[in-house]
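Reading through the structure tokens given below for one structure.
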Amino acid sequence: MTNLTEQEIMQGLQQPFSAKDLEWRAQRTIKTQNGFRSVVVPYITNRAIQDRLDQVVGPMNWRNSYETWRDKGVLCGIAIKFNGEWVEKYDGADETPYEATKGGFSAAHKRAGAVWGLGRYLYSLDVFWVNVVDKKTDNSNDWEYISTKIKVDGKDVYVKGYWKIPTVPNWALPSSNQPSSNSMTGQQNVPPTPSENPTNSPQGNNMPHVNQGQLQGEHDPDREHYTNYLKNMEKSIGLTDNQGFVVSLYNRVNPDHKVRTANEVYSVTTPKDNLRNYYALLKPVYDLMKVAQNHNINEQQLFGYAQIITGKEHSSVLSLFSTITPQHVAQITEIIRSEQGNNAYQTA
18 MTNLTEQEIM QGLQQPFSAK DLEWRAQRTI KTQNGFRSVV VPYITNRAIQ
68 DRLDQVVGPM NWRNSYETWR DKGVLCGIAI KFNGEWVEKY DGADETPYEA
118 TKGGFSAAHK RAGAVWGLGR YLYSLDVFWV NVVDKKTDNS NDWEYISTKI
168 KVDGKDVYVK GYWKIPTVPN WALPSSNQPS SNSMTGQQNV PPTPSENPTN
218 SPQGNNMPHV NQGQLQGEHD PDREHYTNYL KNMEKSIGLT DNQGFVVSLY
268 NRVNPDHKVR TANEVYSVTT PKDNLRNYYA LLKPVYDLMK VAQNHNINEQ
318 QLFGYAQIIT GKEHSSVLSL FSTITPQHVA QITEIIRSEQ GNNAYQTA
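Heads up: take any position in the sequence shown, counting from 1, add 17, and you land on our numbering.
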């Protein structure tokens, strides 16, 4: 049994990994005016996760378990013994196209490790874009091979070549790899907080210029301000053409106060906390639509970006509400800015 405190265990597990403990995968490849480019993401290797658990809690104080989930899913649990009791956290993944069983076990184990904080900081990294080249330009081991199929002008194009592994920022490396000033000041390696608001819309889940304690009464100017802003958000997103969407979304986040019409959403009897819940649901998608508008991105392109970041297909704006978070908006914005900043994006 480990004698570490809960805080010490979590701090030990959440420390950054060295670059050699990362493996990289290409998530999406596009054709640009200057060749092919890919979005690549880092993952912690399973061996590194096992080593970290051994180092922090000891090999006798952690264990894992697997079970099948639905048709082709694998559920993994990682348990740590704490104060004589086993505490277990789970996550799962689908089987992979190649070596399905092994791949599913490996992916599920990595996801379960992230639930414990192992490598979770990687989700805060900016998007990495790499160029795909025909041949390696040096003899280093920092190259990955890619062979994939993409759509260009509606036709299948096969892409084969190499891309060079990016360098992660200093804050995402162990303290021994940090500049000396970091250890001298005692500062922790904390990732930067992702921007929740790449547009000029309000920050956070609270409306600006609104005294939320005054959201009551039929003639309350603050409630009127809030209501007008929410309606403008609906209009920007495109919800006003189908009021059934408004009712559905409002009821999703307010199951204890369901409405039958869009007008009921803005009734003076609607609790102010319910309006805040509705605002919090609308805001990420509203921000995303504003980003698309500001960068002249059409809906289909936007759905493609959303799929890159969330890993889920999107066929309508309504589907975005189930997945998009403020962090996703920041990551998608970074992709768009990277492409347009390099004058490289070419519509398919």
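In this text, a Cβ means the ideal position worked out from N, Cα and C, and glycines have one as well.
- Per the Cβ contact rule, the segment 52 to 61 is not in contact with the segment 77 to 85 (fewer than 3 Cβ pairs under 8 Å).
- Per DSSP, the unbroken beta strand (DSSP E) holding residue 164 starts and ends at 160 to 169.
- Apart from the 5 residues on each side of it in sequence, residue 302 sits with its Cβ closer than 8 Å to the Cβ of 254, 334, 337, 338, 341 in its chain, given in chain order.
- Note on the segment 271 to 349: whole alpha helix (DSSP H) runs with a minimum of 4 residues are 279 to 282, 289 to 311, 316 to 327, 334 to 337, in chain order.
- Secondary structure note for residue 30: its alpha helix (DSSP H) is the uninterrupted segment 23 to 30.
- Nearest in C-alpha terms to residue 298, of all of 250, 332, 192, 261, is 250.
- Rounded to the nearest angstrom, the gap between the Cα atoms of residue 100 and residue 122 is 28 Å.
- In this structure, the alpha-carbon of residue 316 lies about 8 Å from that of residue 309.
- Counting other Cβ atoms within 10 Å of its Cβ, residue 287 reaches 16 or more and is therefore classed as buried.
- Short of 6 Å from the beta carbon of residue 103, and not among the five residues preceding or following it, lie these beta carbons of its own chain, in chain order: 96.
- Within a 10 Å sphere around the beta-carbon of residue 307 sit 16 or more other beta-carbons, which makes this residue buried.
- Here DSSP, grouped into helix, strand and coil, assigns residue 257 to coil.
- Secondary structure at residue 46: strand, using DSSP grouped into helix, strand and coil.
- Per DSSP, residue 147 lies in no alpha helix (DSSP H); the unbroken beta strand (DSSP E) holding it starts and ends at 145 to 149.
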